[in-house]
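See structure below.
Numbering (the numbering used here), first residue to last: 1 to 239.
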């Protein structure tokens, strides 16, 4: 039995290290995507778009390894929470990588259009903050830092504020005739992509809290449903 548990923890540690490496790749992709949209680097955009296939493959492999651990080791209590949290975190990382690809595709659509210094400055800030959020979430995961994980909400509020500031700057730039409507739309979508990356980092931090403390993140929609009906939502029955 001791050997089985030793093997379980060894496998779990290997999966954790792979998750850390996957997250590090995504943090690098955020930086590269920001450079792509600021510099108009079409070659860099193509690289990231193709690299996403590797991220997808690594994510599928990690999820499969987690499912094998669940099936073969039948973990309980804290060990079970770790495996469940890892599955969720892999999905958050993979989706964030998809969003960097979306930023690159938007950069290709606005290629050749000059952006004024104010817009460029806010894009740089959003990219930097998104990286910091992701790095903080993964550091909290690596070190088991509950306080750092809990702090991500405030960090994300700053990124949300940058998104609102950027949308206002887009409207001002379009009104002044500096950018075309289609460029303005693409830029607004890019701001949303950065904001969503921040949300995924917050979700990862919530999984860290769950893994360490057993605390489940609050789902406001589910809470409202239970408040209205006094029931626990159940999936629909299938004939």
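We put the beta carbon where it would ideally sit given N, CA and C, even for glycine.
Ranked by how close their Cα comes to the Cα of residue 130, the residues 95, 140, 197 have 197 in first place. Three or more beta-carbon pairs drawn from the region 193-209 and the region 146-156 are found closer than 8 Å, and the two stretches are therefore classed as touching. Using a C-beta cut-off of 8 Å, the region 105-116 makes no contact with the region 138-147, since fewer than three inter-stretch Cβ pairs fall below that distance. Looking only at 179, 91, 138, 43, the smallest Cα-Cα distance to residue 17 is reached by 138. The beta-carbon distance between residue 90 and residue 54, rounded to whole angstroms, is 14 Å. This is too long to meet the 8 Å contact definition. For residue 172, the enclosing alpha helix (DSSP H) stretches over residues 152-175. Using a Cβ-Cβ distance cut-off of 8 Å, the region 66-84 and the region 19-30 are not in contact, since fewer than three pairs of beta carbons, one from each stretch, lie closer than that value. In the three-state scheme derived from DSSP, where H, G and I count as helix and E and B as strand, residue 37 is classed as helix. Distances from the alpha-carbon of residue 211 to those of 45, 23, 78 put 78 closest. Here DSSP, grouped into helix, strand and coil, assigns residue 180 to coil. Judged by beta-carbon spacing, residue 99 lies within the 8 Å limit of residue 193, meaning their Cβ atoms are closer than that value. Boundaries of the alpha helix (DSSP H) around residue 107: 77-109. In the DSSP assignment, residue 44 falls within the alpha helix (DSSP H) that extends over 42-73.
The beta carbons of residue 170 and residue 101 sit about 22 Å from each other, so the pair does not count as a contact at 8 Å.
The beta-carbon distance between residue 166 and residue 23, rounded to whole angstroms, is 25 Å. This is too long to meet the 8 Å contact definition. Counting along the chain, residue 121 sits inside the alpha helix (DSSP H) bounded by residues 117-143.
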